[in-house]
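In terms of the numbering used here, the numbers along the sequence shown are unbroken and rise by one, the last being 561. Where a beta carbon is used, it is the ideal one built from N, C-alpha and C, also for glycine.
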Amino acid sequence: MRIIGIILGILVAAIGGVIAYRALFLEPSSAVVITETEVRELPNTARVVGGIALLAIGATMAFFAARRRNT
């Protein structure tokens, strides 16, 4: 059960990292802000936050599954 928790945690963290990376750097922006001096593209914030949340949850799952417990 412990090994499954570690592998599942690493898998969820990897998926979250890929989602966040793609939303920040690879995929087209979700909004464009045009002002008098510049044009800025904004990333899809919901996907970035969701990806970082999955990354944190997966890393936490793997960490707690890998810890030794004194019972």
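So if DSSP puts residue i in a beta bridge, which residue, or which two residues, is it bridged to?
i           : result
residue 498 : According to DSSP, residue 498 bridges with nothing at all.
residue 529 : 524
Out of curiosity, what's the CA-to-CA distance linking residue i and residue j?
i           : j           : result
residue 553 : residue 533 : 30 angstroms
residue 546 : residue 507 : 9 angstroms
residue 502 : residue 531 : 28 angstroms
residue 491 : residue 505 : 21 angstroms
residue 510 : residue 526 : 30 angstroms
residue 493 : residue 557 : 11 angstroms
residue 519 : residue 513 : 8 angstroms
Quick check on this structure: which residue in the options has the alpha carbon closest to the alpha carbon of residue i?
i           : options            : result
residue 497 : 540, 528, 551      : 551
residue 516 : 549, 538, 523, 493 : 538
residue 549 : 528, 500, 495, 518 : 500
At what residues does the alpha helix (DSSP H) containing residue i begin and finish?
i           : result
residue 432 : Not covered by the structure: residue 432. The range shown for the chain is 491 to 561.
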